[in-house]
Amino acid sequence: MTSIVASSLNTIKTKCLEGELEPEKCAKALMASADAVYSPLKPIDSGLGEARRVASMLAAIIANAFLIRFLEERGEEPLKDVLEALKNIREEDLSNEVKKILQDAQVAIEPASASEPRESLYKDIDEYVNPPQPSIPRRRRQPRRPDPRQRLRRLIRDLGRRDPILAKAVARALREWGLSGF
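Numbered according to my numbering, the sequence shown terminates at residue 195, and the numbering increases by one at each position without gaps.
In structure tokens, the structure reads:
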């Protein structure tokens with residue numbers, strides 16, 4: 014699983030953070046990474062949803078890592094274009110992109126897709142761009158944007174409760190990718 018997360022992060026780095034930004038390619042890399050983290054869990058997905066929950070956590074970790082690096086390097090304005098492209102490809106079949114990620118991770122499994130990890134990735138990016146409105150508007154003030162670093166810390170902690178070894182390995186992969194202090 015860790016090699017798939019690292020491979021997903023590297024694919025996102027090449028498609029979204031290096032060179033000229035093409036929102037469609039970046040969005041495809043993000044959605045393909047959500048499918049890639051679910052692919053090894055598909056054979057053991059028993060219908061209770063535990064595999065999809067773990068894949069959703071990993072997809073949210075990837076989304077927040079992407080947000081942190083993207084905002085540092087490119088700023089907020091291009092993120093809206095990426096979100097728009099993500100909205101357009103939410104139901105698209107991305108098995109070729111997923112295969113590339115899995116090959117880079119040196120994992121020989123069939124690509125699989127599930128809506129939960131895709132929605133988790135999309136929701137985290139959408140909540141940053143369009144922060145949720147408070148349910149009871151007491152005062153007129155701007156809604157607070159979620160902090161991707163704080164969310165990343167919480168996700169790693171939650172993953173550590175389910176699988177401590179995987180959480181440590183994912184945290185190490187995030188540090189190798191260039192994130193620290195989460």
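Glycine is no exception: its CB is placed at the ideal position from the N, C-alpha and C atoms.
- Within a 10 Å sphere around the beta-carbon of Glu-110 sit 16 or more other beta-carbons, which makes this residue buried.
- Ranked by how close their Cα comes to the Cα of Gln-146, the residues Asp-137, Arg-157, Lys-136, Asp-139 have Arg-157 in first place.
- Ile-138 and Leu-107 do not touch by the CB rule: their CB atoms are close to 16 Å apart, not below 8 Å.
- One thing to note: Leu-54 has its Cβ no nearer than 8 Å to the Cβ of Ala-42.
- From the listed residues Pro-91, Ala-180, Glu-129, the smallest Cα separation to Ala-40 is found for Pro-91.
- Between the region 156-174 and the region 67-86, the count of Cβ pairs shorter than 8 Å is three or higher; the stretches touch.
- Under the criterion of beta carbons closer than 8 Å, Arg-66 and Gly-191 do not qualify as touching, at roughly 27 Å.
- Linking Arg-185 to Val-50 through their CA atoms gives a straight-line distance of about 17 Å.
- In the displayed model, Pro-145 falls within coil according to three-state DSSP, outside both helix and strand.
- Excluding the 5 residues flanking it on each side, Pro-36 has same chain C-beta neighbours closer than 6 Å at Asp-94, Val-95, Ala-98, in chain order.
- Distance from the Cα of Pro-130 is smallest, within the candidate group Leu-71, Leu-179, Val-183, for Leu-71.
- Between Ile-25 and the set Glu-105, Asp-58, Gly-60, Lys-113, the nearest pair of CA atoms involves Lys-113.
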